[in-house]
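J.: Before anything else, here's the structure in question.
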Amino acid sequence: MKPAPFKYYAPTTVDEALAHLAEHGWDAKVLAGGQSLIPLLNFRLAQPSVLVDLNNVSELFYIRPDDGGLLLGAMTRQSQVEHDPLVAEQAPLVHEVMPQIAYPQIRTRGTFGGSLAHADPSAELVAVSLALKARLRLRSQAGERWVPADEFFVGLFTTVLEPDELLVEVALPPMPPRSGWSFLQITRRHHDFCIAGVAVLVTLDDAASAYSQCEQAKLVFLSAGDGPVNARQAAEMLVGQVPTPELIRAAAETAASADIDPGSDIHASAEYRRHLSKVLARRALTQAFERASNI
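Counting with numbering that gives the first Met the number 0, you get residues 0 to 294 for the letters of the sequence shown.
Dropping the structure here:
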């Protein structure tokens with residue numbers, strides 16, 4: 000099939016793009032990498048009357064250091080993020096997840112900000128942004144605002160973005176000392192959509208011994224609800240405790256039974272997704288704590 004007719008704009012600045020969004024509002028769609036939007040247009044599951052293409056807005060393509068963290072322009076290609084040495088050094092969880100996103104051809108076009116704005120509950124970067132406590136800068140002609148990742152995603156393919164707003168930048172804060180990370184997922188075939196997955200970030204206290212306690216913990220699940228699922232009850236079990244294998248197993252069971260709410264589809268039942276999530280959480284927590292203890 001072919002898309003329904005639409006007006007096409009290719010601005011070269013953010014201000015120009017925002018002007019189009021302010022004029023057309025809900026009738027407009029933003030084109031970033033197009034890896035999700037173009038199929039929706041072709042199948043007429045999306046029929047905007049206006050398309051605003053950001054691929055000529057050069058000011059949205061960058062990766063910059065920021066006090067131990069990173070600033071990423073929303074249009075930065077996923078392939079650039081994957082191979083950037085600064086990302087590998089400052090955001091190892093992002094570096095670890097990038098090769099697991101779709102295929103190299105997809106990552107060549109796909110953008111970091113586009114994935115977050117699309118808010119697919121099976122998207123790797125959506126879960127990782129929550130795990131890392133990312134902040135997102137949104138702009139409109141009226142001004143700008145910063146939104147924490149855990150407030151940005153509000154439902155299935157839904158965010159707090161207003162029709163006249165544009166996601167322009169993602170800020171990844173520095174990881175605290177003695178932090179460990181892990182990302183694991185299960186797909187039917189390598190690089191397919193995620194059936195179940197989890198992003199983990201943990202931090203140990205300063206006691207460099209076998210009795211180090213967990214100071215912070217973040218578990219965010221993919222394909223486990225209408226959006227990324229922050230497993231708060233499981234994380235609370237870990238904080239202030241020595242991360243023994245028994246505690247890790249209990250936290251993984253709590254996450255699978257109490258925190259997530261997966262659905263059933265042609266790929267997997269809800270019960271199977273809960274089982275996978277429990278196994279992945281246990282493995283990811285074990286790996287993350289091992290990494291934290293070796294730093």
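Just so it is clear, CB atoms sit at the ideal spot from N, CA and C, and this is done for glycine as well. Note that the coordinates shown come from a computational prediction; the quantities given were computed from them, not determined experimentally.
Output yes or no for whether 9 angstroms exceeds the beta carbon distance between G112 and T157.
T.: No; because the gap between Cβ atoms is not below 9 angstroms, this pair is not in contact.
J.: Might you give, ordered along the chain, the residues of its own chain that have their beta carbon closer than 8 angstroms to the beta carbon of G226, omitting 5 neighbours on each side?
T.: If we look at G226 and ignore the five residues flanking it on each side, its Cβ neighbours are A118, P120, V125, F152, V153, G154, L155 and T157.
J.: If I measure Cβ to Cβ from A170 and keep anything under 6 angstroms in the same chain, skipping five residues before and after, which residues do I get?
T.: Answer for A170: L70 and R134, listed in chain order.
J.: Grab me the residues of M236's own chain with a C-beta within less than 8 angstroms of its C-beta, minus the 5 sequence neighbours each way, in chain order.
T.: Result list for M236: L246, A249, A250 and T253, in chain order.
J.: If you run the structure through DSSP and keep just helix, strand and coil, what is S35?
T.: Reduced to three states, the DSSP call for S35 is coil.
J.: Between A73 and V93, what straight-line distance do the alpha-carbon atoms span, to the nearest angstrom?
T.: Cα to Cα, the separation comes out at about 15 angstroms.
J.: Is N41 helix, strand or coil when you go by DSSP?
T.: Three-state result, N41: helix.
J.: Going by DSSP in three states, T107 sits in which element: helix, strand or coil?
T.: The answer is helix: DSSP assigns T107 an H, G or I state.
J.: Where DSSP assigns a beta bridge to W180, which residues make up the other side?
T.: In DSSP, W180 forms a bridge with L200.
J.: On the DSSP letters alone, give me the boundaries of the alpha helix (DSSP H) that V96 sits inside.
T.: P91 to V96 is the extent of the alpha helix (DSSP H) around V96.
J.: Can you say whether D77 is buried or exposed, counting buried as having 16 or more other CB atoms within 10 angstroms of its CB?
T.: Here residue 77 is Gln; the residue named in the question, Asp, does not match the sequence. Q77 is buried by the Cβ-count criterion.
J.: Look up E158 in the DSSP assignment and give the residues it is bridged to.
T.: The amino acid at residue 158 is misidentified as Glu; the sequence shows Thr. In the DSSP output, where bridge partners are listed per residue, T158 has F152.
J.: Is it the case that the Cβ atoms of V201 and P242 are separated by a distance below 9 angstroms?
T.: In this structure, P242 lies closer than 9 angstroms to V201 by Cβ.
J.: Below 8 angstroms, how does it come out for the segment 96-109 and the segment 24-41: are there three or more Cβ pairs, yes or no?
T.: Output reads yes: the segment 24-41 touches the segment 96-109.
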